[in-house]
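Numbering (full-length UniProt numbering), first residue to last: 1 to 165.
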Amino acid sequence: PQANNTNTSTSPRIWEQVGSDIVGTAVRNRGGFSVASSNNGKIIAMGSPHNNDVAPQAGHVRIFAWDNTANDWTQRGSKLLGEAERDRFGWSVALSGSGDTVVCGAPFHDTDDSGQVKVFKWNETLSDYVVWGSLHEAPSYEDAEWGWGVDVSDDGLTVASSAVG
Numbered sequence: 001p002q003a004n005n006t007n008t009s010t011s012p013r014i015w016e017q018v019g020s021d022i023v024g025t026a027v028r029n030r031g032g033f034s035v036a037s038s039n040n041g042k043i044i045a046m047g048s049p050h051n052n053d054v055a056p057q058a059g060h061v062r063i064f065a066w067d068n069t070a071n072d073w074t075q076r077g078s079k080l081l082g083e084a085e086r087d088r089f090g091w092s093v094a095l096s097g098s099g100d101t102v103v104c105g106a107p108f109h110d111t112d113d114s115g116q117v118k119v120f121k122w123n124e125t126l127s128d129y130v131v132w133g134s135l136h137e138a139p140s141y142e143d144a145e146w147g148w149g150v151d152v153s154d155d156g157l158t159v160a161s162s163a164v165g
């Protein structure tokens with residue numbers, strides 16, 4: 001996908017949507033609350049922290065890849081799911097430069113809202129993202145909300161997260 005970047009000093013930059021709208025899977029699941037893209041913009045992640053697939057507001061993240069043949073976005077791998085009620089997994093998301101590493105924050109994970117950050121890597125053999133690691137505030141700090149914000153380096157090897165509590 002590319003923006004129409006024909007620009008002169010007298011014409012404004014015009015952006016054109018590529019592909020269909022990507023929407024949440026249910027009403028009020030906050031689809032698109034967090035978004036991230038790979039360096040080339042051909043892989044995007046969308047957090048839906050109020051999704052109820054596992055439990056109320058457990059949350060999920062979906063990743064999409066640009067399909068040149070279909071000229072549209074297609075889901076890449078399975079949904080990444082929160083673990084428990086009110087985790088709000090997908091509150092924050094980040095993608096590495098290639099889009100092969102996804103970092104997801106769940107700041108209300110645990111009954112004390114200490115939070116959690118999960119890291120997933122793309123597995124070509126499985127055609128899916130698999131858990132590569134999980135970061136917790138240690139020891140557990142009540143109301144830390146670890147995972148409020150997340151980021152990942154371009155190569156996917158360094159992860160950063162913030163807590164607000």
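Glycine included, C-beta positions come from ideal geometry on N, C-alpha and C.
The shortest CA-to-CA distance from S37 to any of K79, I63 and R30 is the one to I63. In the three-state reduction of the DSSP assignment, G32 falls in the coil class.
Listed as beta-bridge partners of W122 by DSSP are Y129. Rounded to the nearest angstrom, the Cβ distance from E145 to G115 is 5 Å, consistent with a contact under 8 Å.
Under the DSSP assignment, I14 falls outside any beta strand (DSSP E); it carries neither an H nor an E label. Where L95 is concerned, the enclosing beta strand (DSSP E) starts and stops at S92 to L95. Under a 10 Å Cβ-count criterion, A70 is classified as exposed, with fewer than 16 other Cβ atoms of the shown protein chains found around its own Cβ. In the displayed model, H60 falls within a strand according to three-state DSSP. Beta bridge pairing from DSSP links V102 with L95 and F120. Between the beta-carbon of W91 and that of S34 there is about 6 Å, and that keeps the pair under the 8 Å contact cut.
In the three-state DSSP reduction, S161 falls in the strand class (E or B).
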